[in-house]
Each structure stands twice: as structure tokens, then as C-alpha cells.
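Mapping the sequence shown onto this note's numbering, position 348 (from 1) lands on 348, and the numbers just tick up by one.
We put the CB at the ideal spot given by N, CA and C, even for glycine.
Beneath this line is the structure, given in C-alpha cells, with notes to follow.
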Amino acid sequence: MSGVAMTRPDCPASGPRSPGFFLPHPTRPRPCADVPSPSMPTSTHPTGPAAHEPALRAAQMHLCKPAEPALATVTRSELCTASKKAAGFVRHIELSVAGTPLAGACTPGQSVGVLPPGTDEHGKPHKLRLYSLASPTAGEDGHGQTIATTVKRSIDEHWTTHRLFAGVCSNYLCDLKPGDTVKLTGPSGKKFVLPENPSEHDYVFFATGTGIAPFRGMALDLLRGGPAVAAPGSKIALVMGSPYSTDLLYHDLFTELARTSPDLAYLPAISREPNGLHGRMYVQDRLVTDRDRLEALLKSPRTLVYICGIAGMELGIFQRLARVLAGSDLEQYLAVDRAAMENIDGWERSMIHRQVAPTRRVLLEVYA
Numbered sequence: 001m002s003g004v005a006m007t008r009p010d011c012p013a014s015g016p017r018s019p020g021f022f023l024p025h026p027t028r029p030r031p032c033a034d035v036p037s038p039s040m041p042t043s044t045h046p047t048g049p050a051a052h053e054p055a056l057r058a059a060q061m062h063l064c065k066p067a068e069p070a071l072a073t074v075t076r077s078e079l080c081t082a083s084k085k086a087a088g089f090v091r092h093i094e095l096s097v098a099g100t101p102l103a104g105a106c107t108p109g110q111s112v113g114v115l116p117p118g119t120d121e122h123g124k125p126h127k128l129r130l131y132s133l134a135s136p137t138a139g140e141d142g143h144g145q146t147i148a149t150t151v152k153r154s155i156d157e158h159w160t161t162h163r164l165f166a167g168v169c170s171n172y173l174c175d176l177k178p179g180d181t182v183k184l185t186g187p188s189g190k191k192f193v194l195p196e197n198p199s200e201h202d203y204v205f206f207a208t209g210t211g212i213a214p215f216r217g218m219a220l221d222l223l224r225g226g227p228a229v230a231a232p233g234s235k236i237a238l239v240m241g242s243p244y245s246t247d248l249l250y251h252d253l254f255t256e257l258a259r260t261s262p263d264l265a266y267l268p269a270i271s272r273e274p275n276g277l278h279g280r281m282y283v284q285d286r287l288v289t290d291r292d293r294l295e296a297l298l299k300s301p302r303t304l305v306y307i308c309g310i311a312g313m314e315l316g317i318f319q320r321l322a323r324v325l326a327g328s329d330l331e332q333y334l335a336v337d338r339a340a341m342e343n344i345d346g347w348e349r350s351m352i353h354r355q356v357a358p359t360r361r362v363l364l365e366v367y368a
């Protein structure tokens, strides 16, 4: 896992399969109609050196360590799937960190560590798990005193023993009620945050599953302004991948934000049911179905690409970018070996950062 920690599936490395997300293995999909999105006009903001080499926001790190964690209080816990009939259980959990070093110190794209109570089968304390922040810089309360995260219950069957496996930390968090306390560390991560001057850029966000968490906070910062963004106005395209329309996370929020803001295009990509006239699709397929909108955005020297979710999603996105963009437009995001460019279908994940190298304008956070 790179830079910023995401919500991690809390299955052990061996044994039960990881339930995590929706796609190849940790994901789960069904049908939905496309959500109409506003047109994405080309930005008229001036460009500059920062548009090509973004300087990321300075992020505070490790204010609370495992030996001295912050004691947070749950203030809210609710399902954040589009329907109660979703294939998985995912909760939006808000935590008051008032009076702790975490208050006012958390940035979208960072994570906090959770110390679940109890011991493992060896009698040792359960290991810390990292969960991405889903809240904007000002927190859920507008003052940085309440942060939020997005947690998917990890429930599965062991491959060999056929016994039920329940992830320790995800189920601990999802069981908590308002008033309960939880030990937190962090914040962690500094490589998946917004730029130092967010309004100098436009954005294309790609997410699958709980990988949407950091983009919730970032979108709220970019669209509503506040302490992190002095001048809202950046163009944003948010591509959210899910197996089924019922499993889209924060769907009502993003639909409303897109309805009220001409700067946001919200583009769900449903992999196991039709997407209106387009059929089933993964996140990278939006680069084809919405090519006019996204290509114009991607050709701008202001634009940054953020990718967050299950490992493997980035490969499909890079392959599609290589087909949609050419020459200097592609080179803004990927440095591709000549031989690799001649066989895009043959790309593998092992080639990323080698024959297929993302530039500093691609910020990547994926996990197994």
C-alpha cells in the first residue's frame, strides 16, 4: 500500500478470502440506470507550473501513536449504501475527536488507525487497522472536531475449513453505537492529498467500493470551499465503480452535489447490471461512454487523476487512457515504453512504475 492508507480488508494474509470490494474478487455487483451528469465545460482558469508538477498540501502526521492513542466518541453510524438491499454492509461512521490532537489536524486522503480491543488467537493485542477519512478538512461539524470514515463489514467463509470468518476491526467498528468510544492513531499519509493550491487544478477521481471515502472529503472541500479551498471552481469528474447500483456509496450525496453544482460530473459505473444504454461497465469504461466530457478534461494541463480502490483497477484505467489519449496528452499522465505502447492489451500490473509509469499528475492508492 502506497503513501496514504485506505480502509483495508481485515482478513489475514492466508486463510479466508478477502471480501473487501466489488469486482474481480473483493467486490460485488447488480443493474442500474445511468445517473445524468451535468456537462463538463472546459475550465477558463489560467494554467501554470503547478498544473504540471503539483505541490501537495502539507499534512500533519502521527500526532497520536499506538502507545498514546486518542479516545474518540462515536456520534453517528449509518448505512451509506444506496439501498438496504445492497450485497454488502457499509457504514458511514462519525467520531468526535474534540479535545484530542486529531481535532483540526486531519486532511482528506489521510487515514486514521483503529485499535480494536481484545487479543488474537496467540493472546496478543489485535493489530492496528487503517481506515481512510471520509470527512472534509473542516470535519463533519465544520470545525474539525468530528471526523468520519467508511467501513465495510468483513464477513466471509474460510477457503479450507468452511468456517465463518468475521473481520475483527470492521465488525467492531460497525457494531459501535453513538456514545461508544474507540482508540485512534494518526493521522497517516501525505501522498494522496489535494494540492497545496487546489483551485489551480481540475480533477478526475476514480473509485471502487470504500475507495470512495477520500473523494467524499475532497469533493466537499473543492465544491464548498472553506479552510482548505479559498476559491471553489475546479471542475471534477467522479467515476464511482460498484457491482450493483444498490451498493453505490454516498449515492444520494453525490447525486445532489452534481445536481446543484455545474462543476461536478458524477458518473457511476456498474459492473454487474446495465448502465442505461451502455450495458455493464467498469470505471475505465466511462472514458469511452463519456469520452467527450472526460477527454476535454484530461487534455487540460490543469487536471490531476486520483485513483483509489481495489488493486488492479489502475491497470484497466491506464490501458484505457493509452487508447483515448495520444502524444503529449497521454504523457501528462503516463510514461509508456515504446514496446509496451505497441501491445496495450498485453499490459500487466508488474509493468506499472516500469514500462508503464504514472507521472506526478496521477495519484494512486490501491490495496489488496
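- Gly211 sits in a helix when the DSSP states are folded into three classes.
- The residue among Leu321, Gly279 and Thr289 with its C-alpha nearest the C-alpha of Leu298 is Leu321.
- When rounded, the separation of the alpha-carbon atoms in Lys124 and Asn275 is 47 Å.
- Distance check between Tyr172 and each of Val114, Ala59 and Ile212 places Val114 closest, using alpha-carbon atoms only.
- Considering only Ala138, Ala231 and Gly167, the residue with the shortest C-alpha distance to Lys127 is Gly167.
- Of the candidates Leu294, Leu164, Val239 and Leu253, Val239 places its Cα closest to the Cα of Ala269.
- When only Cα atoms are considered, Pro232 and Thr137 end up about 14 Å apart.
- Val362 places its beta carbon less than 7 Å from that of Tyr333.
- For the 7 Å CB-CB criterion, Leu71 and Thr181 form a contact.
- For Lys65, the CB contacts under 7 Å within the same chain, skipping 5 residues up- and downstream, are Thr185 in chain order.
- If you check the CB distance, Arg57 and Leu194 come in under 7 Å.
- Ala207 and Pro117 have their C-alpha atoms roughly 30 Å apart.
- The continuous beta strand (DSSP E) containing Asp156 extends over residues Ile155 to Glu157.
- In the DSSP assignment, Met240 forms a beta bridge with Ala207 and Pro268.
- Unbroken alpha helix (DSSP H) runs of no fewer than 4 residues, entirely contained in the stretch 101–183, are found at 168–175, following chain order.
- Take the alpha-carbon of Lys84 and the one of Ile155: they are about 17 Å apart.
- Between the beta-carbon of Leu249 and that of Ile310 there is about 14 Å, and that puts the pair past the 8 Å contact cut.
- Counting C-beta pairs closer than 8 Å gives three or more between the stretch 314–328 and the stretch 347–359, which meets the contact rule.
- Excluding sequence positions up to five before and after Ser188, its CB lies within less than 8 Å of the CB of Val4, Ala5, Met61, His62, Gln110, Ser111, Val112, Gly113 and Leu130, all in the same chain and listed in chain order.
- Contact annotation: Pro178 and Thr75 have beta-carbon atoms nearer than 7 Å.
- Bounds of the beta strand (DSSP E) holding His92 are Val90 to Ser96.
- The beta carbons of Leu267 and Ala219 sit about 13 Å from each other, so the pair does not count as a contact at 8 Å.
- Annotation for Ser170: Asp10, Val151, Lys152, Arg153 and Ser154 place their beta carbon closer than 7 Å to its own, counting only its chain and skipping 5 residues before and after.
- Minimum Cα-Cα distance from Val229 among the listed residues Glu200, Leu253 and Pro358 corresponds to Glu200.
- Between Thr246 and Ala98, the C-beta gap is not smaller than 7 Å, which leaves the two residues out of contact.
- Straight-line spacing of the CA atoms in Val324 and Asp252 works out to 30 Å.
- Restricting attention to Asp285, Val356 and Glu273, the CA atom closest to the CA of Ala339 is found in Val356.
- Restricting attention to beta strand (DSSP E) runs no shorter than 3 residues, the stretch 291–330 encloses them at 303–310, ordered along the chain.
- Here Asp285 is buried, its C-beta having at least 16 other C-beta atoms within 10 Å.
- DSSP lists Thr303 as the beta-bridge partner residues of Asp202.
- Relative to the Cα of Val305, the nearest Cα in the group Val336, Met341, Ala368 and Phe215 belongs to Phe215.
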